[in-house]
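Enquirer:
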Amino acid sequence: MALGMIGLGQAWALYIPDIGEPIRPFLAALGALLLTPVLLKYATSPRLFMADIKHPLSGSLMAPMSMALLVLCDYLAAVAPIIAYPLWFVAVLLHFTMMVLFFGFQIMNFKMSNIVPSWFLYPVGLISSSLAGSQFGHNVFSETLAMMCIGIYFFMLPLVLYRLVFFGSLPRRARPTLAIMAAPVNLSLAAYLVNFGEPDPILTGALAGIAITMTLLIYLCYFRLMRLKFQPSIAAVTFPSVISAIAMHRLTTFFAESHPHWHWLHDFGFLELSIATVLVVWVSAGYVKMYWPELVRTPSKQT
-7 MALGMIGLGQ AWALYIPDIG EPIRPFLAAL GALLLTPVLL KYATSPRLFM ADIKHPLSGS
53 LMAPMSMALL VLCDYLAAVA PIIAYPLWFV AVLLHFTMMV LFFGFQIMNF KMSNIVPSWF
113 LYPVGLISSS LAGSQFGHNV FSETLAMMCI GIYFFMLPLV LYRLVFFGSL PRRARPTLAI
173 MAAPVNLSLA AYLVNFGEPD PILTGALAGI AITMTLLIYL CYFRLMRLKF QPSIAAVTFP
233 SVISAIAMHR LTTFFAESHP HWHWLHDFGF LELSIATVLV VWVSAGYVKM YWPELVRTPS
293 KQT
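So the sequence shown is numbered by this note's numbering: it starts at -7 and just counts up by one.
(1) Does the Cβ-Cβ distance between Ile205 and Ser110 come in under 8 Å?
(2) Quick check on DSSP: helix, strand or coil for Ser292?
(3) Under three-state DSSP, which class holds Ile267?
(4) Between Pro38 and Val92, what straight-line distance do the alpha-carbon atoms span, to the nearest angstrom?
(5) What does a CB cutoff of less than 7 Å around Cys65 pick up in its chain, not counting 5 residues either side in sequence?
(6) I need the straight-line Cα distance from Ala175 to Pro232, nearest angstrom please.
(7) Please go through the stretch 131 to 202 and give each complete alpha helix (DSSP H) segment of 4 or more residues, from N-terminal end onward.
(8) Output the boundary residues of the alpha helix (DSSP H) element that contains Lys46.
(9) With distances taken Cα to Cα, identify the nearest neighbour of Ala227 among Thr196, Arg165, Ala203 and Glu13.
(10) Could you spell out the range, first to last residue, of the alpha helix (DSSP H) harbouring Trp80?
(11) Where do the N-terminal and C-terminal ends of the alpha helix (DSSP H) with His241 fall, by residue?
(12) Tell me the rounded alpha-carbon separation between Gly(-1) and Leu49.
(13) Enumerate in chain order the residues of its own chain whose CB-to-CB distance from Ala3 is below 6 Å, with the five nearest sequence positions on each side excluded.
(14) Glu135 to Ser126, Cα distance in whole Å?
(15) Thinking C-beta only, is Tyr145 closer than 8 Å to Val116?
(16) DSSP on Ile204, reduced to helix/strand/coil?
(17) Could you round the C-beta distance between Leu137 and Ser161 to whole angstroms and report it? I think they count as a contact, below 8 Å.
(18) Among Tyr114, Val270, Leu149 and Met139, whose alpha-carbon lies nearest the alpha-carbon of Leu62?
(19) Helix, strand or coil for Trp284? Go by DSSP, reduced to three states.
(20) Any heavy atom of the ligand FMN within a distance shorter than 7 Å of the CB on Lys281?
(21) Measuring CB to CB, does Leu307 end up less than 8 Å from Met57?
(22) Can you tell me the Cα-Cα spacing of Thr196 and Ala268, whole angstroms?
(23) Going by other Cβ atoms of all chains shown within 10 Å of its Cβ, with 16 needed for buried, is Tyr7 buried or exposed?
(24) Buried or exposed, going by whether 16 or more other CB atoms sit within 10 Å of the CB of Leu185?
Next comes the structure, spelled out in structure tokens:
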């Protein structure tokens, strides 16, 4: 949820700066506020951290915790680099450590049926660190990391699709992670276009084609996911929609000079942003109803 909130501010700043720039600090602060209790929970309870990181679903859904820090650093790098740089270093170390622990436990107890789309988040989500990394002058690091993460995505995609096709439907609790299928490729596309001044048109086209296809696929999934009873894991629908909109803006900018007839992608991206905003509001309302039901409870009429 924090990851989607922070990303939403960036997306609005790209599409409508007059609206996005004023609300971006507010959404970044709100995302940081949502993230703080999660970080404190694991920092004060190492046993809980280890128990969750071992689980094939819960452990993979811990990745957005460090990804949110990395995306927050992308914003802070421009406004408070003194704070952003040490926070970025800690976030990279945290994400890498959790990735090693998670996949170490999964390899020791490997089952194909345990694979869920959120397994993308550790290896491909690491590309989030390249966004702030390039602002800190670590261009070689950011470019190398971006290409490694993109390569890992292309390796993992057939593996995850194979599991989804041949090893039965996902457990009910894991079904919201289907929405994550759109996140890694859109994140890869956005990071690639940010880090490379002259992107390869073939690789860009391949990433863009998969990104649009996956985005349309998860939109179809939303019709089913929204019928499920609200659960915390349904927050997984927020960031994929947000990063899809950001990726389309980056792609439109790339096409602007050489292929102006692709400008319709900007309108498609704004549609994605509108859907992402609705989803963030809907999930936020769901959390309020779950954790603070007294705030939405209708007072009973006195006879």
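Just so it is clear, CB atoms sit at the ideal spot from N, CA and C, and this is done for glycine as well.
These figures come from a predicted structure and were not determined experimentally.
Expert: Inspection of the coordinates gives the following:
(1) It should be noted that the sequence gives Thr, not Ile, for residue 205. With a cutoff of 8 Å on beta-carbon distance, Thr205 and Ser110 are scored as not near each other.
(2) Note that Ser292 scores a pLDDT of 49, beneath 50, so its modelled location is shaky; the value from the coordinates is reported in the next line. Ser292 falls in the coil class under three-state DSSP.
(3) In the three-state DSSP reduction, Ile267 falls in the helix class (H, G or I).
(4) Going by C-alpha positions, Pro38 is about 16 Å away from Val92.
(5) When the five nearest sequence neighbours on each side are left out, the beta carbons in the same chain lying within less than 7 Å of the beta carbon of Cys65 are those of Ala76, Leu79, Trp80, Ala83 and Ala124, in order along the chain.
(6) Answer to the nearest angstrom: the Cα atoms are 4 Å apart.
(7) Correct list: 131 to 158 and 175 to 187.
(8) Lys46 -> alpha helix (DSSP H) spans Pro38 to Lys46.
(9) Per the Cα distances, Arg165.
(10) Here the alpha helix (DSSP H) through Trp80 covers Pro73 to Met100.
(11) Judged by DSSP secondary structure, His241 falls within the alpha helix (DSSP H) whose first and last residues are Thr230 to Phe247.
(12) Between Gly(-1) and Leu49, the alpha-carbon positions lie close to 23 Å from each other.
(13) The beta carbon of Ala3 is closer than 6 Å to those of Val234, Ala237, Ile238 and Leu265 in its chain, skipping five residues each way along the sequence.
(14) Looking at the two C-alpha atoms, the distance is approximately 8 Å.
(15) Yes, the Cβ-Cβ distance between Val116 and Tyr145 is below 8 Å.
(16) Helix, per DSSP.
(17) Between Ser161 and Leu137 the Cβ distance is about 34 Å, and since that is not below 8 Å, they are no contact.
(18) Of the listed residues, the one whose Cα sits closest to Leu62 is Tyr114.
(19) In the three-state scheme derived from DSSP, where H, G and I count as helix and E and B as strand, Trp284 is classed as coil.
(20) Absence of the ligand FMN from the depicted structure is noted, as is the absence of any ligand whatsoever, leaving it without description.
(21) The question about residue 307 has no answer, for the chain in this structure spans -7 to 295.
(22) Inter-residue distance for Thr196 and Ala268 is about 23 Å (C-alpha atoms, whole angstroms).
(23) Tyr7 is buried by the Cβ-count criterion.
(24) It is buried - the Cβ of Leu185 has at least 16 other Cβ atoms within 10 Å.
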